[in-house]
Amino acid sequence: MATLSANRLTLGYQRQAILRELSLELPEGRISVLVGSNGCGKSTLLKALARLLTPWQGQVALDGEDIRQRPTRAVARTLSLLPQHPVAPEGISVRQLVGLGRHPHQSWLAQWSEDDERAVAQALSRTGLDDLSEQRVETLSGGQRQRAWIAMAVAQDTPLMLLDEPTSFLDLTHQMEVLELLVSLNRDAGKTIVMVLHDLNLACRYADHIVAIREGRVHAQGRPQAVITRERVKEIFQLECRVIEDPFFHTPLCIPFGKGAA
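For the sequence shown, the numbering used here gives the first residue as 1, with consecutive numbering after it.
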């Protein structure tokens, strides 16, 4: 396993700060979900955690060490990132796409090994893509395509997986399919998963740990029952709602009224 944390992180774009002295420690071996309104800094935080953005102040620590001091290949063997809108090269097959996840484990002397072949086969099997492995990625449905990208991250064989809105543009069936897959990777393979979700009810159902971000800072974090309350939803989203217990999953269930409702 591996630990990931941020300490007094400040960064943004073109002199406009998006994150402001943000600190958090993500629980190892758990599913953490980042929630918050559009523009609050969720995707920016995920990119900073993955070392794609350089902090103006503060640092991201991977296993207690400044992530920017770690060799690039060592980081890539520890942490994988699935961005919000990944684009596959035209004509590439599912198997070839998944194989790209093995790049951090290869060297100039041995560019493909039995370990690589085994990792790709296991990733295809775990994500239910064996029968689709030779199909071109562009021919897949939205849910299948997202599973293929997740399979690439699985083949990368990292203890930490970061995903930016993995259910965006998917219908409810495929959203559930992707989230159940991530749960299985967490429960069965011990992956620490950090993802951004917009649906609060799905976040509450699948997260062990929720981080609510408001205006570039951590507004609240902890178990879903502790974070998603009527008062906090109003503070974070400026939305009136009622929060009840889901009768089936016993997690918070948010019923929105609208911004002006009493």
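Using N, Cα and C, we set each Cβ at its ideal position, and we do this for glycine too.
TODO: Taking only runs that begin and end inside the region 113 to 169, name each unbroken beta strand (DSSP E) of 3 or more residues, in chain order.
DONE: Within the region 113 to 169, the complete beta strand (DSSP E) runs of at least 3 residues are 160 to 164.
Task: Residue range of the beta strand (DSSP E) that includes T10 - done: Against the sequence shown, residue 10 aligns to sequence position 10. For T10, the enclosing beta strand (DSSP E) starts and ends at L4 to Y13.
Task: Continuous alpha helix (DSSP H) stretch holding I236: start and end - done: Translated into positions along the sequence shown, residue 236 becomes position 236. Judged by DSSP secondary structure, I236 falls within the alpha helix (DSSP H) whose first and last residues are R230 to F237.
- [ ] Under 7 Å Cβ to Cβ from G36, same chain only, skipping five residues before and after it: list those, please.
- [x] If you number the sequence shown from 1, residue 36 lands on position 36. Once the five neighbours on either side are set aside, the close Cβ partners of G36 are K42, A212, I213, R214 and I236.
- [ ] Ignoring anything shorter than 3 residues or poking outside the region 20 to 84, list the beta strand (DSSP E) runs there in chain order.
- [x] 31 to 35, 57 to 62 and 79 to 82
TODO: Evaluate the contact criterion for the region 3 to 13 versus the region 21 to 33: three or more CB pairs, one atom per stretch, below 8 Å.
DONE: yes
TODO: Report the rounded CA-to-CA distance for D131 versus R20, giving the unit in angstroms.
DONE: Here residue 131 is taken as the residue at index 131 of the sequence shown, counted from 1. Here residue 20 is taken as the residue at index 20 of the sequence shown, counted from 1. If you take the alpha carbons of D131 and R20, they lie about 46 Å apart.
Task: Paired residues, beta bridge with T192 - DSSP - done: As a position in the sequence shown, residue 192 is number 192, starting the count at 1. T192 pairs with L160.
Task: E107 - DSSP class collapsed to helix/strand/coil - done: The residue you call residue 107 lines up with position 107 of the sequence shown. Looking at the sequence itself, residue 107 is Ser, so the reference to Glu does not match. Coil.
TODO: Go ahead and pull the three-state DSSP assignment for L279.
DONE: Residue 279 lies beyond the residue range present for the chain, which begins at 1 and ends at 262; the question has no answer from this structure.
Task: Nearest-angstrom Cβ-Cβ length linking L140 and T167, presumed shorter than 8 Å - done: Indexing the sequence shown from 1 puts residue 140 at position 140. Indexing the sequence shown from 1 puts residue 167 at position 167. Between T167 and L140 the Cβ distance is about 16 Å, and since that is not below 8 Å, they are no contact.
Task: Distance, I210 Cα to M195 Cα - done: For the purposes of this step, residue 195 is identified with residue 195 of the sequence shown, where counting begins at 1. For the purposes of this step, residue 210 is identified with residue 210 of the sequence shown, where counting begins at 1. Rounded to the nearest angstrom, the two C-alpha atoms are 10 Å apart.
Open item on the list: In whole angstroms, give me the CA-to-CA distance for R136 and E231.
Closed with: Taking the first residue of the sequence shown as position 1, residue 136 is located at position 136. Taking the first residue of the sequence shown as position 1, residue 231 is located at position 231. Their backbone Cα atoms lie some 47 Å apart in a straight line.
TODO: Report the residue from L124, I31 and A48 whose alpha carbon sits nearest the alpha carbon of L9.
DONE: Within the sequence shown, residue 9 is the residue found at index 9, counting from 1. Of L124, I31 and A48, the residue nearest in Cα terms is A48.
Open item on the list: Within a Cβ cutoff of 6 Å, which residues of the same chain sit near A262, ignoring the five residues on either side of it in sequence?
Closed with: For the purposes of this step, residue 262 is taken as residue 262 along the sequence shown, with counting starting at 1. For A262, the predicted structure reports a pLDDT of 49, less than 50, and the residue's modelled location is therefore unreliable. The matter cannot be settled from this model.
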